[in-house]
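See below for the structure under consideration.
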Amino acid sequence: KQEVTQIPAALSVPEGENLVLNCSFTDSAIYNLQWFRQDPGKGLTSLLLIQSSQREQTSGRLNASLDKSSGRSTLYIAASQPGDSATYLCAVKGGSYIPTFGRGTSLIVHP
Amino acid sequence: DTAVSQTPKYLVTQMGNDKSIKCEQNLGHDTMYWYKQDSKKFLKIMFSYNNKELIINETVPNRFSPKSPDKAHLNLHINSLELGDSAVYFCASSSGRSSYEQYFGPGTRLTVT
């Protein structure tokens, strides 16, 4: 059964720092990995989707990498801003098309 | 607006009641999902339909019954509600069952008293 772990569980940083959020998964037989952000009381917003055949994806200040063989993905946030404060979730879609989520990293960027 | 929508946004009810949550997407997707997010914010898949066919059913009590009248709609009916059913329920959709990104609705906060 797929298990997804996100480290750290919480992070508090000053504005302007570059950040790395980590996601690891136990079964490397995946279709894709997707990063989301969730603001308090809101739904999930898709940030980046990496297919199993890809190594990385970029969108603005965000860069996500995937190392399927080691079961790891990282989300890099450049020049963090207070508006980046949210919970970041990674989800892996594996065998039988079942999506499995990690428990998230709660990020606070203070001015 | 192009989106995944859910109704109602909030639902407060008593134990033992039966309730339904509705989901609609106008993205032209053929796969829809129901997730439960518990009080610790952990998000877990419950059901998924692809072209109105149930493809994922993840150890959910049979008090929960999904229904997909067409590709754009996926409803969730819950019988005999229990305190432990209190959670936020999210609907999502994607184009295809495997490789495409999921888009989420705003969630329905269910409180059972």
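Listed in order, the protein sequences are those of chains A and B. If you read the first sequence in the numbering used here, its first letter stands for residue 2, the second for the next number, and so on. If you read the second sequence in the numbering used here, its first letter stands for residue 187, the second for the next number, and so on. Positions of the beta carbon are idealized from the N, C-alpha and C atoms, including for glycine.
- Closer than 7 Å at the beta carbon, the chain B residues around Gln35 (chain A): Translated into the one-based positions of the first sequence, residue 35 (chain A) becomes position 34. Correct list: Glu287, Gln288.
- Task: Could you give the DSSP three-state label for Asp68 (chain A): helix, strand or coil?
- Result: Within the first sequence, residue 68 (chain A) is the residue found at index 67, counting from 1. Strand at Asp68 (chain A).
- Message: Using only CA atoms, which one of A:Ile8, A:Ser53, A:Asn64, A:Tyr32 lies nearest to Arg283 (chain B)?
- Response: Counting from 1 along the second sequence, the entry for residue 283 (chain B) is found at position 97. Out of A:Ile8, A:Ser53, A:Asn64, A:Tyr32, A:Tyr32 has the C-alpha closest to the C-alpha of Arg283 (chain B).
- Considering only the beta carbon of each residue, do Phe102 (chain A) and Val5 (chain A) sit closer than 8 Å? Taking the first residue of the first sequence as 1, we reach residue 102 (chain A) at position 101. Taking the first residue of the first sequence as 1, we reach residue 5 (chain A) at position 4. Yes, Cβ-Cβ distance for Phe102 (chain A) and Val5 (chain A) is below 8 Å.
- For Arg56 (chain A), count neighbouring Cβ atoms within 10 angstroms of its own Cβ and tell me buried if that reaches 16, exposed if not. Taking the first residue of the first sequence as 1, we reach residue 56 (chain A) at position 55. Counting Cβ neighbours within 10 Å, Arg56 (chain A) comes out exposed, since fewer than 16 surround it.
- Item | Whole-number beta carbon distance between Leu50 (chain A) and Leu90 (chain A), since they are thought to touch under 8 Å | Along the first sequence, one-based indexing puts residue 90 (chain A) at 89. Along the first sequence, one-based indexing puts residue 50 (chain A) at 49. Not a contact, Cβ separation roughly 13 Å.
- Message: Using a 10 Å radius around the Cβ and a threshold of 16 neighbouring Cβ atoms, would you call Lys1 (chain A) buried or exposed?
- Response: Here chain A comprises residues numbered 2 to 112, so residue 1 (chain A) is not present and cannot be evaluated.
- Task: Classify Tyr314 (chain B) as buried or exposed, calling it buried when 16 or more other Cβ atoms lie within 10 Å of its own Cβ.
- Result: Residue numbering for chain B in the displayed model covers 187 to 299; residue 314 (chain B) lies beyond these limits and cannot be assessed.
- Close Cβ partners of Glu268 (chain B) (< 7 Å) along its chain, the five nearest in sequence each way excluded: Translated into positions along the second sequence, residue 268 (chain B) becomes position 82. These residues qualify, in order along the chain: Met201, Val298.
- Residue span of the beta strand (DSSP E) that contains Thr217 (chain B), given as start and end: The count along the second sequence starts at 1 and reaches residue 217 (chain B) at position 31. Thr217 (chain B) -> beta strand (DSSP E) spans 217–223.
- Rounded to whole angstroms, what's the CA-CA distance from Leu260 (chain B) to Thr294 (chain B)? Just pull it up for me. Taking the second sequence and counting its residues from 1, one reaches residue 260 (chain B) at position 74. Taking the second sequence and counting its residues from 1, one reaches residue 294 (chain B) at position 108. Using only the alpha carbons, I get a separation of about 14 Å.
- Query: What residues in its chain sit with their C-beta under 6 Å from that of Ser113 (chain A), if we drop five residues either side in the sequence?
  - Reply: Only positions 2 to 112 of chain A appear in the structure, and residue 113 (chain A) is not among them; the question remains open.
- Any idea if Gln82 (chain A) is buried or exposed, counting beta-carbon neighbours within 10 angstroms, 16 or more meaning buried? For this step, residue 82 (chain A) is matched to residue 81 along the first sequence. By the 10 Å Cβ count, Gln82 (chain A) comes out exposed.
- Query: In this structure, does DSSP put Ser97 (chain A) in helix, strand or coil?
  - Reply: For this step, residue 97 (chain A) is matched to residue 96 along the first sequence. Reduced to three states, the DSSP call for Ser97 (chain A) is helix.
- 8 Å Cβ cutoff met for Ala87 (chain A) and Arg62 (chain A): The residue labelled residue 87 (chain A) in the question sits at position 86 within the first sequence. The residue labelled residue 62 (chain A) in the question sits at position 61 within the first sequence. Their beta carbons are not under 8 Å apart, which means Ala87 (chain A) does not touch Arg62 (chain A) by this criterion.
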